[in-house]
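Position one of the sequence shown corresponds to residue 69 (my numbering), numbered consecutively onward.
Just so you know, even glycine gets a beta-carbon here, dropped at the ideal spot from N, CA and C.
Note that the coordinates shown come from a computational prediction; the quantities given were computed from them, not determined experimentally.
A short worksheet on the structure shown next.
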Amino acid sequence: MGTRLRVTNLDNGRAVTVAVTGPSGSCVLLNATAMDLVREPGKNVVRRNVVERLDGGGTPAQPGGAPAQPGAQPGAQPGGATAAPPARPSACQGSVTFSAEGGAPAATSDRFPVGTRLRVTNLDNGRAVTVAVTGPSGSCVLLNAAAMDLVREPGKNVVRRNVVEVLR
69 MGTRLRVTNL
79 DNGRAVTVAV
89 TGPSGSCVLL
99 NATAMDLVRE
109 PGKNVVRRNV
119 VERLDGGGTP
129 AQPGGAPAQP
139 GAQPGAQPGG
149 ATAAPPARPS
159 ACQGSVTFSA
169 EGGAPAATSD
179 RFPVGTRLRV
189 TNLDNGRAVT
199 VAVTGPSGSC
209 VLLNAAAMDL
219 VREPGKNVVR
229 RNVVEVLR
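Encoded structure:
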């Protein structure tokens, strides 16, 4: 509750800053006013998006509650506090995590076949790793320990703001 988020529609570049006012069953559930500021005419879903956490306020949202309300926190302006959204869409939405599996940097995936090369970029520190998919997993991208060590921030085991690119 109280965490400020900036939601950017990558298809039209429009963005809105909102404050989380309660839990929801979605990563971010915008109310009608906020959605009108970022959606394209006739569309009720923003499929290609970047959600940035602007501050550390509040506690993590729990599934099943109310939508976010724009401007619920005084002074809720982006003010240049975050990096620009990536110029390229991510092949995976959500966080990148890791397994304790050893060996050279590699990944497993629930959507990319073995042998697919991926570049995973941590948007919080700009570090990137290129890995090959070596097997299946329950995640879009699950990095092994060596790959995660190359992109994570000290003390963090999850890369929440990331871009996953499929390399040809």
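Report task. Take the Cβ of Arg116 as the centre, count every other Cβ of all protein chains shown within 10 Å, and call the residue buried at 16 or more, exposed below. Result -> By the neighbour-count criterion, in which 16 or more other beta carbons inside 10 Å mark a residue as buried, Arg116 falls on the exposed side.
Report task. Following the continuous alpha helix (DSSP H) through Leu218, name the residue where it begins and the one where it ends. Result -> Leu218 -> alpha helix (DSSP H) spans 213-219.
Query raised in the report: Which same chain residues, not among the five before or five after Thr76, have their C-beta less than 7 Å away from its C-beta?
Result: Within the same chain, Thr76 has close Cβ partners Ala83, Asn117, Val118, Pro153.
Query raised in the report: What did DSSP end up calling Ala102 once you bin it into helix, strand or coil?
Result: When secondary structure is reduced to three states using DSSP, Ala102 falls in the helix class.
Query - Three-state secondary structure (DSSP) of Arg121 - result: If DSSP states are grouped into helix, strand and coil, Arg121 belongs with the strands.
Query raised in the report: At a cut of 8 Å, does the region 168-177 reach the region 199-214 through at least three beta carbon pairs?
Result: With a cut-off of 8 Å, the region 199-214 and the region 168-177 count as touching, because enough Cβ pairs lie within range.
Query raised in the report: When you compare only the Cα positions, how much space is there between Val219 and Arg187?
Result: Cα to Cα, Val219 sits roughly 11 Å from Arg187.
Requested in this report: Please report the residue range of the beta strand (DSSP E) in which Arg187 lies.
Outcome: Element bounds for Arg187: 185-190.
**Report entry** Residue closest to Asn99, alpha-carbon to alpha-carbon, out of Val86, Val199, Gly162
**Finding:** From the listed residues Val86, Val199, Gly162, the smallest Cα separation to Asn99 is found for Val86.
Report task. Leaving aside the five residues before and after Val96 along the sequence, list all residues of the same chain whose C-beta is less than 7 Å from its C-beta, in chain order. Result -> Exclusion of the five residues before and after Val96 leaves Leu73, Val75, Val119, Ala136 as the residues of its chain whose Cβ lies within less than 7 Å of its Cβ.
Query raised in the report: Which one or two residues does DSSP pair with Gly203 in a beta bridge?
Result: For Gly203, which the question treats as bridged, DSSP gives the partners Thr176.
Requested in this report: Could you check how far apart the C-beta atoms of Gly203 and Thr176 are, in whole angstroms? I think they sit under 8 Å.
Outcome: Going by Cβ atoms, the distance from Gly203 to Thr176 rounds to 5 Å, so yes, they are a contact pair.
**Report entry** DSSP bridge partner residues for Asn77 (one or two, in chain order)
**Finding:** According to DSSP, Asn77 bridges with Asn117.
Report task. Could you please give the first and the last residue of the uninterrupted beta strand (DSSP E) stretch that includes Val232? Result -> Boundaries of the beta strand (DSSP E) harbouring Val232: 230-235, taken from the DSSP string.
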